[in-house]
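Undergrad: Taken in sequence, the protein lines are chains Y and U. Using our numbering, read the first sequence as starting at 4 and increasing by one per residue. Using our numbering, read the second sequence as starting at 4 and increasing by one per residue. For each residue, glycine too, the CB sits at the ideal point set by N, CA and C. Below is one structure. I have some questions about it.
Protein chains: 2
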Amino acid sequence: EIYARLKSELLDDPAFDFTDDSRQWIDRMLDYNVPGGKLNRGLSVVDSYKLLKGKELSEEEFFLASTLGWCIEWLQAYFLVLDDIMDSSHTRRGQPCWFRLPKVGMIAVNDGILLRNHIPRVLKRHFKDKSYYVDLLDLFNEVEFQTASGQMLDLITTLEGETDLSKYKLPVYNRIVQYKTAYYSFYLPVACALLMSGEDLDNFIEVKNILVEMGTYFQVQDDYLDCFGDPEFIGKIGTDIEDFKCSWLVVQALARADENQMKVISENYGKADQSCVMKVKAVYKDLNLQGLFSEFERTSYEKLISSIEAQPSKAVQEVLKSFLAKIYKRQK
Amino acid sequence: EIYARLKSELLDDPAFDFTDDSRQWIDRMLDYNVPGGKLNRGLSVVDSYKLLKGKELSEEEFFLASTLGWCIEWLQAYFLVLDDIMDSSHTRRGQPCWFRLPKVGMIAVNDGILLRNHIPRVLKRHFKDKSYYVDLLDLFNEVEFQTASGQMLDLITTLEGETDLSKYKLPVYNRIVQYKTAYYSFYLPVACALLMSGEDLDNFIEVKNILVEMGTYFQVQDDYLDCFGDPEFIGKIGTDIEDFKCSWLVVQALARADENQMKVISENYGKADQSCVMKVKAVYKDLNLQGLFSEFERTSYEKLISSIEAQPSKAVQEVLKSFLAKIYKRQK
Ligand SMILES: [Mg+2]
Ligand SMILES: [Mg+2]
Ligand SMILES: [Mg+2]
Ligand SMILES: [Mg+2]
Ligand SMILES: [Mg+2]
Ligand SMILES: [Mg+2]
Numbered sequence: 004e005i006y007a008r009l010k011s012e013l014l015d016d017p018a019f020d021f022t023d024d025s026r027q028w029i030d031r032m033l034d035y036n037v038p039g040g041k042l043n044r045g046l047s048v049v050d051s052y053k054l055l056k057g058k059e060l061s062e063e064e065f066f067l068a069s070t071l072g073w074c075i076e077w078l079q080a081y082f083l084v085l086d087d088i089m090d091s092s093h094t095r096r097g098q099p100c101w102f103r104l105p106k107v108g109m110i111a112v113n114d115g116i117l118l119r120n121h122i123p124r125v126l127k128r129h130f131k132d133k134s135y136y137v138d139l140l141d142l143f144n145e146v147e148f149q150t151a152s153g154q155m156l157d158l159i160t161t162l163e164g165e166t167d168l169s170k171y172k173l174p175v176y177n178r179i180v181q182y183k184t185a186y187y188s189f190y191l192p193v194a195c196a197l198l199m200s201g202e203d204l205d206n207f208i209e210v211k212n213i214l215v216e217m218g219t220y221f222q223v224q225d226d227y228l229d230c231f232g233d234p235e236f237i238g239k240i241g242t243d244i245e246d247f248k249c250s251w252l253v254v255q256a257l258a259r260a261d262e263n264q265m266k267v268i269s270e271n272y273g274k275a276d277q278s279c280v281m282k283v284k285a286v287y288k289d290l291n292l293q294g295l296f297s298e299f300e301r302t303s304y305e306k307l308i309s310s311i312e313a314q315p316s317k318a319v320q321e322v323l324k325s326f327l328a329k330i331y332k333r334q335k
Numbered sequence: 004e005i006y007a008r009l010k011s012e013l014l015d016d017p018a019f020d021f022t023d024d025s026r027q028w029i030d031r032m033l034d035y036n037v038p039g040g041k042l043n044r045g046l047s048v049v050d051s052y053k054l055l056k057g058k059e060l061s062e063e064e065f066f067l068a069s070t071l072g073w074c075i076e077w078l079q080a081y082f083l084v085l086d087d088i089m090d091s092s093h094t095r096r097g098q099p100c101w102f103r104l105p106k107v108g109m110i111a112v113n114d115g116i117l118l119r120n121h122i123p124r125v126l127k128r129h130f131k132d133k134s135y136y137v138d139l140l141d142l143f144n145e146v147e148f149q150t151a152s153g154q155m156l157d158l159i160t161t162l163e164g165e166t167d168l169s170k171y172k173l174p175v176y177n178r179i180v181q182y183k184t185a186y187y188s189f190y191l192p193v194a195c196a197l198l199m200s201g202e203d204l205d206n207f208i209e210v211k212n213i214l215v216e217m218g219t220y221f222q223v224q225d226d227y228l229d230c231f232g233d234p235e236f237i238g239k240i241g242t243d244i245e246d247f248k249c250s251w252l253v254v255q256a257l258a259r260a261d262e263n264q265m266k267v268i269s270e271n272y273g274k275a276d277q278s279c280v281m282k283v284k285a286v287y288k289d290l291n292l293q294g295l296f297s298e299f300e301r302t303s304y305e306k307l308i309s310s311i312e313a314q315p316s317k318a319v320q321e322v323l324k325s326f327l328a329k330i331y332k333r334q335k
């Protein structure tokens, strides 16, 4: 498996003189944090590259595209390890957050940093002689910067004071989602595939915009499903209301609520008590946020399809449509 | 001033759509964490580049070398912000650690990440068209990886259990210092200057080794001065003994102590009580660690000088000697 190969290369990196203890630490840390996600982002690189190439990949091409996919998974692991610390979270992917393990604690901060540092190590080992090597470095750097900037916006908007709903407005919401999630989850995999295909990313600004739109649409779905999805299907019980999250639902509710409903939200949002949660959900239902979401889903889809069909390249259209097909009307 | 220019460019980076709040946050965060050090690392780039060039720098060259110097200061700020969190430190450079400020807290983790992300933004803006651009990215990536790896080694050696002196051995000490401090503080500035001079770093492996040796020598001095230096001169009162630090002194003491002295160390090392500290210091004196240090200083210096004089380039010799002159027999 490719993950195992990349890991063992990292554990033998000559740039650091490992002790047995430190090799073991990294080994365990990687296994705990890197695999185990849905690998959507990673697989997208391979799928997109196949569509762009228009025929089957050679073994070498498959390996390289998968390697970039794994780099995105590494990036994701880095963000999640640190995000869980900042959010004081307890669980992630059905197990305790890495920093919650007794022997880890704040060492997790440095582990996050190491995860991040593994990416250029992998890129250097496998892509150094490629003509697009420097573009790959620039791409990962830019996307990481955007994600960290989105995270900052999220932190200073939603943590400060902790109970100030006045900042939960749609433009803020959109900006957080765009930077914190969409660039690395939606744009980055396709951009990797484009670089491997020899393309210049400057010629794909509109593709970037479309993917960022899709990322936003995906996050709105995520927020919707957190409240109205089937927990059996999603595999977890949503807690956005309890957690005082800047969710699309509360943003829309605040924009539509009358004085009375506003009072209910501000008195009950962010409380763990289930009766508080139910009062907030009742307001959501009264405001017909389910209908609003269906409408949003329909118009987003139509806008996206028409932007996609305006793309000159059929292969690029296919890449974008395959992404959209994966998420349109998803139930989980 | 160059710092002000770089900061304002970052605050207007088109890759992120800043809100007023987030621009203000970064502005404050940078001013709190980036300047205010001794700027040794940053200034070394300019000094080294001057010596390599052999004549005065043009305004443009001065600006570029200073910019790389500031990138190293940014890197340092990133490491320090996160290190203080991991060490639960209270003060840094005479003020509260950034994460200790009431409005900051764990947002400091992401601020550290942002500091790190600023470096490739600066490099892209000012060096993208240089022939050595990709080497600069590789260099910063490699050195960051080594520093984070050294930090890991430090954390898993000195935090685990917190009171296990059995791991404090010279090879471990040397490895931590080499990776955690020497690469970024000593090798990186010179490597930046070499790249600006059009050199290929693969031809300067021995220069790297010399600088890493110097970095180790510097850290041993630091540990020595923490205990035996003049607080008036150093500007702070050392607390390595209280903090259970893996200092060169305790490593040497443990290697030399008889059963009795060993008992004194293990019972008193890492305790805040001043009578405990004094007992440890008494053992250091009985073991004549001051004499050992003088001897270490003398032999290090001789070894370094002869390695330096074996260098084929006179300009490179001068760079290395100027570094060495700055630190040899320093009292602070
Ligand atoms: Mg979180
Ligand atoms: Mg978060
Ligand atoms: Mg969610
Ligand atoms: Mg520290
Ligand atoms: Mg530390
Ligand atoms: Mg010290």
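#1: Do residue 217 of chain Y and residue 2 of chain Y have their beta-carbon atoms positioned less than 8 Å apart in this structure?
#2: Report whether the distance from the Cβ of residue 1 of chain Y to the nearest heavy atom of ligand 3 is below 7 Å.
#3: Less than 8 Å between the beta carbons of residue 241 of chain Y and residue 166 of chain Y, yes or no?
#4: Taking only beta-carbon positions, decide if residue 166 of chain U is within less than 8 Å of chain Y.
#5: Identify the contact partners of residue 182 of chain U in chain Y, using a Cβ-Cβ distance below 9 Å as the criterion.
#6: List the residues of chain Y whose Cβ lies closer than 7 Å to the Cβ of residue 25 of chain U, in chain order.
#7: Comparing the CB of residue 90 of chain Y with every heavy atom of ligand 1, is any distance shorter than 7 Å?
#8: The stretch 28–41 of chain Y: which residues have C-beta closer than 8 Å to a C-beta of chain U, in chain order?
#9: Listed in chain order, which residues are found with a beta carbon closer than 5 Å to a heavy atom of ligand 6?
#10: When the distance is taken between beta carbons, is residue 180 of chain Y closer than 8 Å to residue 160 of chain Y?
#11: For residue 178 of chain Y, count neighbouring C-beta atoms within 10 Å of its own C-beta (all shown protein chains included) and say buried if the count is 16 or more, exposed if not.
#12: Along the chain, where does the alpha helix (DSSP H) that runs through residue 81 of chain U open and close?
#13: How many angstroms separate the CA atom of residue 16 of chain Y from the CA atom of residue 128 of chain Y?
#14: Ligand 2 and residue 246 of chain Y: does the residue's C-beta get closer than 7 Å to at least one heavy atom of that ligand?
#15: For chain U, find out if any of its Cβ atoms is closer than 8 Å to the Cβ of residue 199 of chain Y; answer yes or no.
#16: Which residues in the same chain as residue 76 of chain Y place their Cβ atom closer than 7 Å to its Cβ, once the five residues preceding and following it in sequence are excluded?
#17: Based on Cα-Cα distance, which residue from U:88, U:93, U:201, U:82 lies nearest to residue 137 of chain U?
#18: Taking the alpha helix (DSSP H) that residue 168 of chain U belongs to, which residues open and close that run?
#19: So with CB distances below 8 Å, who are the chain Y contacts of residue 151 of chain U?
#20: Mind listing which residues of the stretch 278–309 of chain Y have their C-beta closer than 8 Å to chain U's C-betas, in chain order?
#21: Kindly indicate if chain Y contains any beta-carbon less than 8 Å away from that of residue 317 of chain U.
#22: What would DSSP say about residue 95 of chain U, mapped onto helix, strand or coil?
#23: Quick one, which residues of the stretch 85–97 of chain Y are near chain U if we go by CB-CB under 7 Å, in chain order?
#24: Going by DSSP, what residue range makes up the alpha helix (DSSP H) through residue 33 of chain U?
#25: Taking CB distances under 8 Å as the criterion, tell me whether residue 125 of chain U reaches chain Y.
#26: Measuring CA to CA, which of Y:208, Y:302, Y:168, Y:74 is closest to residue 314 of chain Y?
#27: Between Y:154, Y:20, Y:33, which has its C-alpha nearest residue 111 of chain Y's C-alpha?
#28: Excluding sequence positions up to five away, which residues of its chain have a Cβ less than 8 Å from the Cβ of residue 214 of chain Y?
#29: Is residue 243 of chain Y near ligand 1, with its Cβ less than 7 Å from a heavy atom?
#30: My understanding is that residue 318 of chain U touches residue 55 of chain U, with C-beta atoms under 8 Å, so please give their C-beta distance in whole angstroms.
#31: Is residue 340 of chain Y near ligand 5, with its Cβ less than 7 Å from a heavy atom?
#32: When you compare only the Cα positions, how much space is there between residue 210 of chain U and residue 80 of chain U?
#33: Using CA coordinates, which residue listed in Y:154, Y:312, Y:171, Y:290 is at the minimum distance from residue 25 of chain U?
#34: May I have the straight-line CA-CA distance separating residue 53 of chain Y from residue 203 of chain Y, to the nearest angstrom?
#35: Flag residue 130 of chain U as yes if its beta-carbon sits less than 8 Å from any beta-carbon of chain Y, otherwise no.
#36: Can you find the residues in the same chain that come closer than 8 Å, C-beta to C-beta, to residue 206 of chain U, ignoring five residues on each side of it along the sequence?
TA: Answer, in terms of the structure:
#1: Residue coverage of chain Y in this structure runs from 4 to 335, which leaves residue 2 of chain Y outside it and unanswerable.
#2: Nothing about residue 1 of chain Y can be read from this structure; chain Y reaches only from 4 to 335.
#3: Here residue 241 of chain Y is taken as the residue at index 238 of the first sequence, counted from 1. Here residue 166 of chain Y is taken as the residue at index 163 of the first sequence, counted from 1. No, the pair does not count as a contact, with Cβ atoms beyond the cut-off.
#4: The residue labelled residue 166 of chain U in the question sits at position 163 within the second sequence. So no, residue 166 of chain U is outside the interface.
#5: For the purposes of this step, residue 182 of chain U is taken as the residue at position 179 of the second sequence. In chain order: 19, 20.
#6: Counting from one through the second sequence, the residue named residue 25 of chain U turns up at place 22. Chain Y residues near residue 25 of chain U: 155, 156, 159.
#7: As a working note, residue 90 of chain Y is residue 87 in the first sequence. Yes, the Cβ of residue 90 of chain Y comes within 7 Å of a heavy atom of ligand 1.
#8: 28, 29
#9: U:225, U:229
#10: Stepping through the first sequence from its first residue, residue 160 of chain Y is reached at position 157. Stepping through the first sequence from its first residue, residue 180 of chain Y is reached at position 177. No, Cβ-Cβ distance for residue 160 of chain Y and residue 180 of chain Y is not below 8 Å.
#11: Taking the first residue of the first sequence as position 1, residue 178 of chain Y is located at position 175. That one is buried.
#12: The residue given as residue 81 of chain U occupies position 78 in the second sequence. Unbroken alpha helix (DSSP H) run through residue 81 of chain U: 62–89.
#13: In the first sequence, residue 16 of chain Y corresponds to position 13, counting from 1. In the first sequence, residue 128 of chain Y corresponds to position 125, counting from 1. Near 10 Å, if we compare the C-alpha coordinates of residue 128 of chain Y and residue 16 of chain Y.
#14: Taking the first residue of the first sequence as position 1, residue 246 of chain Y is located at position 243. False, no ligand heavy atom lies under 7 Å from that Cβ.
#15: Here residue 199 of chain Y refers to the residue found at position 196 when the first sequence is read from its first residue. It does not; no Cβ of chain U falls within 8 Å.
#16: For the purposes of this step, residue 76 of chain Y is taken as residue 73 along the first sequence, with counting starting at 1. Closer than 7 Å at the Cβ level, and outside the excluded window around residue 76 of chain Y, lie 37, 40, 42, 44, 45.
#17: Residue mapping note: residue 137 of chain U aligns to position 134 of the second sequence, counting from 1. The alpha carbon of residue 137 of chain U has as its nearest neighbour, out of U:88, U:93, U:201, U:82, the alpha carbon of U:201.
#18: Within the second sequence, numbered from 1, the residue matching residue 168 of chain U stands at position 165. Per DSSP, residue 168 of chain U belongs to no alpha helix (DSSP H) and is neither H nor E.
#19: Mapped onto the second sequence, residue 151 of chain U falls at position 148. Within 8 Å Cβ-Cβ: 113, 116, 117, 120.
#20: none
#21: The residue labelled residue 317 of chain U in the question sits at position 314 within the second sequence. It does not: the Cβ of residue 317 of chain U has no partner Cβ on chain Y nearer than 8 Å.
#22: Counting from one through the second sequence, the residue named residue 95 of chain U turns up at place 92. Three-state DSSP puts residue 95 of chain U in a strand.
#23: Going along the stretch 85–97 of chain Y in chain order, one finds 85, 88, 89 with a Cβ nearer than 7 Å to chain U.
#24: For the purposes of this step, residue 33 of chain U is identified with residue 30 of the second sequence, where counting begins at 1. Counting along the chain, the alpha helix (DSSP H) containing residue 33 of chain U begins and ends at 23–36.
#25: Within the second sequence, the letter at position 122 stands for residue 125 of chain U. Chain Y, which has no Cβ nearer than 8 Å to the Cβ of residue 125 of chain U, makes this no.
#26: For this step, residue 314 of chain Y is matched to residue 311 along the first sequence. The shortest C-alpha separation from residue 314 of chain Y is found at Y:208.
#27: The sequence position of residue 111 of chain Y within the first sequence is 108, counting from 1. When each option's Cα is compared against that of residue 111 of chain Y, the closest is Y:33.
#28: Reading the first sequence from its first residue, position 211 is the one you call residue 214 of chain Y. Hits under 8 Å: 185, 189, 190, 193, 323, 326.
#29: By 1-based counting over the first sequence, the position of residue 243 of chain Y is 240. Flag unset: Cβ of residue 243 of chain Y not near ligand 1.
#30: Position 315 of the second sequence holds residue 318 of chain U. Position 52 of the second sequence holds residue 55 of chain U. That pair is a contact at about 5 Å.
#31: Chain Y is shown only over 4 to 335; residue 340 of chain Y falls outside these bounds and no answer can be derived.
#32: In the second sequence, counting from the first residue as 1, residue 210 of chain U sits at position 207. In the second sequence, counting from the first residue as 1, residue 80 of chain U sits at position 77. If I take the Cα positions, the gap works out to 26 Å.
#33: Position 22 of the second sequence, counted from the first residue, corresponds to residue 25 of chain U. Checked all of Y:154, Y:312, Y:171, Y:290; the closest Cα to residue 25 of chain U is Y:154.
#34: Working through the first sequence from its first residue, we reach residue 53 of chain Y at position 50. Working through the first sequence from its first residue, we reach residue 203 of chain Y at position 200. For residue 53 of chain Y and residue 203 of chain Y, the distance between alpha carbons rounds to 18 Å.
#35: Mapped onto the second sequence, residue 130 of chain U falls at position 127. Interface annotation, residue 130 of chain U: not in contact with chain Y, CB-CB separation never under 8 Å.
#36: In the second sequence, residue 206 of chain U corresponds to position 203, counting from 1. Once the five neighbours on either side are set aside, residue 206 of chain U has no close Cβ partner at all.
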